[in-house]
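In our numbering, the protein residues as written are 84 to 252. This report concerns only the one structure given below.
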């Protein structure tokens, strides 16, 4: 895969187009190096602590949550106008029961950052090191958002990743 490095902010418009539908692939590995992919529809890209960051949200009920809790890195892989069926599949199945990468025929490539992998065939990549995590707190959230997105009280954890590499594939 040919990679063209870009400033992280150059990916903003394409990321916003992909989210919330059809989404993007969040890729994380467990302590043994086995990868899991999850489709996400929410993310935030910006500057915090003077650094480029990408924030992703994962519910504790998701298989990916335990992996993110133990991980140091993750990648966000953004296909633009393609791979919709694979995004839908990875958003509807759990990594507890299914190797979604294998089931979808998705192939991993080494990222530019040590210990980070990416999904071949996407158009935009963010490689991140987790620098912070915080819980979404019901009491601090607009009640309308709680009603719409958290009827089962399954509140996300927000993972803030320092963007180490951004590129187009």
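Here a beta-carbon is modelled for each residue, glycine too, at the ideal position from N, C-alpha and C.
Assigned with DSSP and collapsed to three states, residue 128 falls in strand. When 162, 193 and 242 are compared, the shortest CA-CA separation from residue 99 is found for 162. With 16 or more neighbouring CB atoms inside 10 Å of its own CB, residue 119 falls in the buried class.
Under DSSP, residue 193 takes part in a beta bridge, and its partners are 200. Between the alpha carbons of residue 92 and residue 207 lies a gap of roughly 12 Å. Assignment of beta-bridge partners to residue 121 by DSSP yields 109. Distance from the CA of residue 94 to the CA of residue 249, rounded to the nearest whole angstrom, comes to 8 Å. Under the 10 Å beta carbon count, residue 123 is surrounded by 16 or more other beta carbons and is classified as buried. Each of 232, 121, 220 and 139 was checked against the Cα of residue 214, and the nearest Cα belongs to 139. For residue 157, the uninterrupted beta strand (DSSP E) run begins and ends at 156 to 161, by DSSP.
The shortest C-alpha to C-alpha distance from residue 237 to any of 220, 101 and 191 is the one to 220. A Cβ-Cβ distance of about 17 Å is found for the pair residue 112 and residue 177, leaving them out of contact under the 8 Å criterion. The secondary-structure analysis by DSSP pairs residue 138 across a beta bridge with 127 and 243. Per DSSP, residue 216 lies in no alpha helix (DSSP H) segment; the continuous beta strand (DSSP E) that holds it begins and ends at 207 to 218. Nearest C-alpha to residue 105 among 175, 193, 247 and 240: 175.
Shown here for residue 189: same chain residues with a beta carbon closer than 6 Å to its own, the five before and five after excluded, namely 202 in chain order.
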